[in-house]
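Protein chains in written order, with this note's numbering: chain L, 32 to 103; chain H, 32 to 103; chain R, 6 to 358; chain C, 6 to 358; chain B, 1455 to 1635; chain A, 1455 to 1635; chain D, 266 to 520; chain Y, 266 to 520.
Below is one structure, written out as structure tokens; the observations come after it.
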Ligand SMILES: Cc1ncc(C[n+]2csc(CCOP(=O)(O)OP(=O)(O)O)c2C)c(N)n1
Ligand SMILES: Cc1ncc(C[n+]2csc(CCOP(=O)(O)OP(=O)(O)O)c2C)c(N)n1
Ligand code: SF4
Ligand code: SF4
Ligand code: SF4
Ligand code: SF4
Ligand code: SF4
Ligand code: SF4
Ligand SMILES: [Mg+2]
Ligand SMILES: [Mg+2]
């Protein structure tokens, strides 16, 4: 039941709440700055741990995260 | 423990609430009219039944009743 | 021809509103206009409308905001202190350009004042008692019949201009009984309200708002409103000229004061003094031109109002120094009598001030 | 000589109030005057005073009523929509003749409008936005220093006349920083308040009320108030004449607009156009006489205000047709620039309108 | 000038002052005239003073407020004191002598004395005193036809109040008798 | 005419725009001049745009609002777009090239390019970019003495903020170097 | 020898009232005056009159008084109490005044724990303006603005002020009494005294709600009216103490 | 094949918000839009925006909307709902808006049983105007108008709106949620859905209070702010359902 997320860099305001809730710590602060001057979150999941549990998206105030999940 | 009451005819507005609460039915509607056109209550206690219990006065919205009681 | 009924001004105002298609009333009791909400509470359910006694005048005016925004013909009524409480809301309604009718049956002020008739809310009604640049269209009936007639027109005018209309009556107009005939309404439907809140089904959503964070936009909006007020000034001025043609002195008065003045004029004319009356029916837009023209013909204008001198400023603005303007005000529920008015006129005429 | 501090107008207003002996503040947050309550919430406990954030502007003005009635120096502040909510209360305070100070840091309207500076509450402040015949004494600062100075005077005037005094500032005055020196106050104690509510110990009880059921009494009260306003008109008019002596054209402006006008006048004078400024400092009582006198000397008066044309009515009333009166208003948070004003003046002068 | 009459009716609240004013106004309207009716009362919900002014005219009515009324119906002492001085010279004063103990002072007016409450009590309903007064007034002024008043009364009381109507009618007629004297 | 200068400082909220404006105004006041400082911001509590206008003069200041400023300090793209066209001919534009990616279009003005964020990050505190800009601006205009700014900074930061003061001072001085170039 | 055992309290002026025959306001005024007299606080008591039938209460009680605007008495009392913390400040308010237009002011005076005492007279109508519906008008009750009888779907439900305010931490003493018979009147006075004592001890906000008869606007005789209070009002508005200062808690409801 | 399991609800415009990073308003907006979408009512839903940080909510939700005056949203909603009983009307209000200036309007909309749904965002401060004290500011909390920390003797006690409104018979559904972690967010959405259903079924007034973070005015990072909700707010403002339509009663309090 693998999953993945897509973060909209420009919508993201760098609040990093998503980072705090991912059970697998798959989100990180990006070094880059978006056009509004924020450091957006980035999804780093080299081992494919993401389950698509949507917790990060539920927490995101900007609806900057889309979540995808393997069809079961 | 006898008592008596004095009704101020002019203050009285003839609401007759005092009449309804006297345990000995010592108050009556007067036939007379006061200067404001009301039929005031009158105290009729030929047998000296009044105990000075003050119930009538407690009920009077006009503070038209003074109550006297035998010193004990 | 409808039958005449003997009815108070308050009831006439309420019934006329219903006959003009008003189906929503939100208000709060206050003397001397209680008969309006009371009448509405009985009648609205009968005509499929809705009466809500609001928790306050403040809430009432925002219920009006909501219902007007929803496209309904809607009104509220109150008296002076209650109208003051509506000031913020009236500014919002004017800003959002929502059509509605507000009735003020004036009583003496300031503060709690008294419950007797007065005209001391003239400034508040005509210059905008609320904040920002807005204007109400203000109608001032002087008989119960006219209260009914103007009430009906008020709804049409509100819809025409998307602007709140105030019917400004004094306590006498509200509490007096006179025979009234409710005129059959022409069945011209109100203009379509495609801006109204009705649920965004099959159309882009509608938005009713007054916030413009961009000052250029807000200025544009203000200019748009201002143009509308100029438009009203062009089209909607109403005024009665009573025996002014041959008048050597003109009295300016509206509402009950105007009626009393008519009696005074009779008395004066019996004495050979040719007095006339200019009676503004719309207080905003004010009949500046009528007064300007009168100023060409008479040397004196006496303003009679039940306040300490308010309409007199508009009369002065109109005549622009061309004529002497006097003021004779009674206040606090005191009503100028025809004798007083006549005496005042005599003094002016004699002194040839 | 006190030290100069760099401070916003809002803070200067708050601090000046405290230095004038104000120990009670009741208010509610609203942009652009939030620094006033915020400052008060920090300072009042330090000086043994009391800051209460009221549940609303409506509640705040009645807390002011209570504290003023209790004999305290007290104030409230707000901005346009919030001031509209105080209209009923202001009418009550004026009716009860309670001294207090009300600050309005105006923003664009109507409705929620915007948060940028405006002067569109001129009518509301000067003609009485509430019901009934009452007037506020209205002071209009045009620098932060003047805001502080007028604030101090406001309390004295309020006590002197037992009347609410309004300090009418635009958003710029509130949010701008300028160096301010708080002038040492003459220690003239306020007049004794033997009418105040303090507990009826050893004296007949006091009563603060606005209801007069007898219309004759209410009229008497109205006449008394009216006389007081005439008294103010006699004693309290304040106005600045700036380069009017040799002026061929006069500009009328107050508050921030007046400052911008000063820059415009410099530009115009560099171009050889002799413009001058009449700056009303009291908006009520209005400096009618100054304008009347100016009207004898110049052919044109240009009124510059951040609204759609309000003070212009008072200017017209003053000049009474003797001079052409023009108006150049920006609104909604748009501020007229000195260039615009200068250009407008040039147009008028060139056209010799 | 056409027909014109004005009057003030004054007494305590609850005495039916406003009511007889309305009857008059209604009857006059039905007879095709212009009318105005204005009430005035104090802060008391019950008791206190109440009065109303009625104007009847063939022409457009100017002032509905009257400084010096042509007629006056007075139902208590304070009203006599307040209004008697204002009555027009030659005017008509109808006074309820059951309640008004003060004496009128004017000698340039017509005075009709009506023991209205006494009569009403005799007729079985104290509250019909107002109708007695109205009857007396009408008998003198003939402002409207008596039938117009009775029609108005019937209309105002509505159905199912026959008994009340009868008492009021009787009181009214008794009043007209006294007035005619 | 005495000394006169006005400028607009503009960028995102949170960049310390208003702060450096206040420092300037404070320093100028301390040097005995008249000053005005006016802020302007959007509805956002954070982010959004912010700017302030500072006027310094030896004479009474008329308009505190400026149509065509003498100088401009610009901290982001939208501000460059909004204010560049309004700059006076011959005026000074100080632009933060770390964040402003657009190119200024005017050729009748002096432009100073300052990679303010880059420098600030190098100095260990991204948030000191505003001070770099202020330094560069002052180096060009000499509106107030550099010491006046540092005095003001010390005063405003208050005690116990020595570290912050040092970073800001370093940033400011770096800015003056760039400005002097 | 006879001794006077009941007479007009000293702090009341010896004048007739403007109230209708049988009106509860007169009784409540007297209780107020008696409590003031018993506590000996007349010289440091300040009253705030409402707008309602009792607007003229200052004609009857001989202490410093304000006349408020409709609904704003608690705000005025707040202003006064903050200036003079040592005075005893009460407001006297009707149900239109307190429970309708003045809702925000009473809720926040209570929430702030403003040290004032509120006499809240619930007579289920707007007395002064002619018997319109109040927030406390009971279901089915006909008034001049609920001519078909109050129906939830149209006019909503009556508000229980005492219960509502008792949820606020700043409210120290909240009780409901009635003045429809001597027993309830005696109890009402005790509650009122407790309310004043709560203020004097500085414990917070105190309020007594009085169910009171308005024969005029109910269209009843006074005798019918007091019965109506018993039969119609008390079942919806139970008497009792809903909140007492810490440690003195009594159970709510019940007679 | 991957399937999209979480994306922007259809009834929201695809635009960035003006809110600060980490602000709870964005989360609550999304829950609202999701509920609207799930119930399929977007074409008959009307919103009333407050004055507060969320005044611009109409820039985000694609339904007919009013922008209210500060505190008056319930009155506007009443006006609208009475005209169009078949529309689904919600107000969205902050704690300054609803619990302070708009107290009377919310109490009486609830008392009338007005068939509207209220989203009440309690972030313990006035967000938009710069962090002033709200009626819901907790004891000890420093704000720009309670710079010494809220103290009962000076600033009074916080108001528990859900509990207070639950005393009113017209209130059919009253609940309190929080949006400080995913679990609470999921529960919040269920409550909101129930609130809308209460309206759609015509059962009366419904309100969900959301405890929401305002990192900016609390002077905290978003992560600190959500923790503060948990540790400081929830203990004073317990989550749960305080009133459910008859027969669906759940116990109040408890998480
Ligand atoms: C702002 C305002 N609105 C309305 C009124 C009119 N008004 C006077 S008293 C009153 C209601 C009185 O009812 P209540 O408070 O229940 O007192 P009661 O007369 O029943 O004792 C109203 C609505 C007013 N004076 N001011
Ligand atoms: C009548 C009025 N008073 C005050 C204001 C200023 N004002 C705007 S938003 C606001 C408070 C917002 O706080 P809240 O309702 O808690 O919403 P938040 O911003 O916290 O979401 C205030 C006081 C106003 N616009 N109108
Ligand atoms: S929660 Fe959303 S806005 Fe916040 S950092 Fe994550 S993606 Fe960005
Ligand atoms: S969907 Fe779940 S597992 Fe995947 S990144 Fe988000 S929180 Fe982590
Ligand atoms: S209770 Fe008082 S007013 Fe009523 S009848 Fe008895 S004495 Fe008279
Ligand atoms: S005191 Fe008691 S016994 Fe005597 S009359 Fe009054 S109620 Fe009756
Ligand atoms: S109307 Fe009712 S409350 Fe008012 S005085 Fe009469 S009985 Fe009392
Ligand atoms: S100020 Fe607070 S409530 Fe407002 S947007 Fe920012 S975080 Fe959200
Ligand atoms: Mg009542
Ligand atoms: Mg908030």
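All C-beta atoms in this analysis are idealised placements derived from N, C-alpha and C, irrespective of residue type, glycine included.
These numbers come from a predicted model, not from an experiment.
Length of the line joining the Cα atoms of residue 516/D and residue 506/Y: Reading the seventh chain from its first residue, position 251 is the one you call residue 516/D. Reading the eighth chain from its first residue, position 241 is the one you call residue 506/Y. With a pLDDT of only 39 at residue 516/D, under 50, the local geometry of the prediction cannot be trusted, and no value is derived from it.
Chain D within 8 Å of residue 94/H, Cβ atoms only: To locate residue 94/H, count along the second chain from 1; it is residue 63. Interface flag for residue 94/H against chain D is set, since a Cβ pair is found closer than 8 Å.
Three-state class that DSSP yields for residue 1590/B in the structure shown: Numbered from 1 along the fifth chain, position 136 holds the residue referred to as residue 1590/B. Residue 1590/B falls in the helix class under three-state DSSP.
Complete runs of the beta strand (DSSP E) confined to the stretch 16-95 of chain R [at least 3 residues]: Here the runs fully enclosed are 29-32, 55-58, 79-83.
Three-way DSSP call (helix, strand, coil) for residue 278/R in this model: The residue given as residue 278/R occupies position 273 in the third chain. Reduced to three states, the DSSP call for residue 278/R is coil.
Residue-chain proximity (residue 330/Y, chain R), Cβ-Cβ < 8 Å: Looking up residue 330/Y in the eighth chain gives position 65. Under the 8 Å criterion on CB atoms, residue 330/Y is classed as interfacial with respect to chain R.
Cβ neighbour criterion (16 or more within 10 Å) applied to residue 42/R: The residue you call residue 42/R lines up with position 37 of the third chain. In this structure residue 42/R is buried. Its beta-carbon is surrounded by 16 or more other beta-carbon atoms within 10 angstroms.
Proximity test, Cβ basis, 8 Å: residue 520/Y and chain L: On the eighth chain, residue 520/Y is found 255 positions in, with the first residue counted as 1. Only weak support is given to the placement of residue 520/Y: the predicted model assigns it a pLDDT of 31, under 50, and the question is left unresolved by the model.
Residue 43/H: CB within 7 Å of a non-hydrogen atom of ligand 7: Here residue 43/H refers to the residue found at position 12 when the second chain is read from its first residue. Outside the cutoff, so no.
Contact test: residue 399/D Cβ vs ligand 9 heavy atom, cutoff 7 Å: As a first step, residue 399/D must be located in the seventh chain, where it is residue number 134. Yes, the beta carbon of residue 399/D sits closer than 7 Å to at least one heavy atom of ligand 9.
Residue-chain proximity (residue 74/R, chain Y), Cβ-Cβ < 8 Å: Against the third chain, residue 74/R aligns to sequence position 69. Judged by the 8 Å Cβ criterion, residue 74/R is in contact with chain Y.
Cβ contact check for the stretch 332-349 of chain D and the stretch 62-78 of chain C: 3 or more pairs under 8 Å: By the Cβ rule, the stretch 332-349 of chain D counts as touching the stretch 62-78 of chain C, because three or more pairs are nearer than 8 Å.
DSSP state of residue 300/Y mapped onto helix, strand, coil: Position 35 of the eighth chain, counted from the first residue, corresponds to residue 300/Y. Helix at residue 300/Y.
Anticipated Cβ contact below 8 Å, residue 285/R with residue 391/D, distance rounded: Translated into positions along the third chain, residue 285/R becomes position 280. Translated into positions along the seventh chain, residue 391/D becomes position 126. Incorrect: roughly 35 Å between the Cβ atoms, too far for contact.
Closer than 7 Å: residue 192/L CB and nearest ligand 4 heavy atom: The requested residue 192/L does not occur in the structure, where chain L is confined to residues 32 to 103.
C-beta neighbour in chain C for residue 101/R, strict 8 Å: The residue you call residue 101/R lines up with position 96 of the third chain. Yes - at least one Cβ of chain C is within 8 Å of the one on residue 101/R.
Contact with chain R by residue 1480/B, beta-carbon distance below 8 Å: The sequence position of residue 1480/B within the fifth chain is 26, counting from 1. In terms of beta-carbon proximity, residue 1480/B lines the interface with chain R, with at least one pair separated by less than 8 Å.
Interface partners of residue 438/Y on chain R, CB under 8 Å: Along the eighth chain, read from residue 1 onward, the residue named residue 438/Y stands at position 173. Simply none; closest approach about 21 Å.
Residues sharing a beta bridge with residue 199/R, DSSP: Your numbering for residue 199/R matches position 194 in the third chain. Paired residues: none, contrary to the question.
Reference residue 287/R, options 241/R, 263/R, 278/R, closest by Cα: The residue you call residue 287/R lines up with position 282 of the third chain. Restricting attention to 241/R, 263/R, 278/R, the CA atom closest to the CA of residue 287/R is found in 241/R.
Three-way DSSP call (helix, strand, coil) for residue 1618/A in this model: Your numbering for residue 1618/A matches position 164 in the sixth chain. In this structure, residue 1618/A counts as helix in the three-state DSSP scheme.
Of the residues 119/C, 133/C, 61/C, the one placed nearest residue 314/R, counting alpha carbons only: Mapped onto the third chain, residue 314/R falls at position 309. Nearest of 119/C, 133/C, 61/C to residue 314/R, Cα basis: 133/C.
For residue 1567/B and residue 1523/B, the rounded distance between their alpha carbons: Within the fifth chain, the letter at position 69 stands for residue 1523/B. Within the fifth chain, the letter at position 113 stands for residue 1567/B. Going by the C-alpha atoms only, they are around 18 Å apart.
Beta strand (DSSP E) runs wholly inside the stretch 276-352 of chain R, at least 3 long, in chain order: Counting only runs of 3 or more, we get 280-285, 287-289, 305-310, 329-334.
Length of the line joining the Cα atoms of residue 514/Y and residue 437/D: As a first step, residue 514/Y must be located in the eighth chain, where it is residue number 249. As a first step, residue 437/D must be located in the seventh chain, where it is residue number 172. Reliability fails at residue 514/Y, whose pLDDT of 46 lies under 50, so the model's placement of it is uncertain and the value that follows must be treated cautiously. Computed Cα separation, rounded: 29 Å.
beta-carbon residue 473/D near ligand 9 non-hydrogen atom, thresh 7 Å: Working through the seventh chain from its first residue, we reach residue 473/D at position 208. Checking every heavy atom of ligand 9 against the Cβ of residue 473/D, none is found closer than 7 Å.
Contact check, residue 288/Y vs residue 478/Y, beta carbons under 8 Å: The residue labelled residue 288/Y in the question sits at position 23 within the eighth chain. The residue labelled residue 478/Y in the question sits at position 213 within the eighth chain. A contact, by the Cβ cut-off of 8 Å.
Buried versus exposed, by CB contacts within 10 Å (16 or more), residue 358/R: Here the question's residue 358/R lines up with position 353 in the third chain. Its pLDDT being 48, under 50, residue 358/R is placed unreliably in this model, and the value from its coordinates should be taken loosely. Exposed is the call here.
Every unbroken beta strand (DSSP E) within the stretch 195-249 of chain R, with a cutoff of 3 residues, ordered by chain: You should have 244-247.
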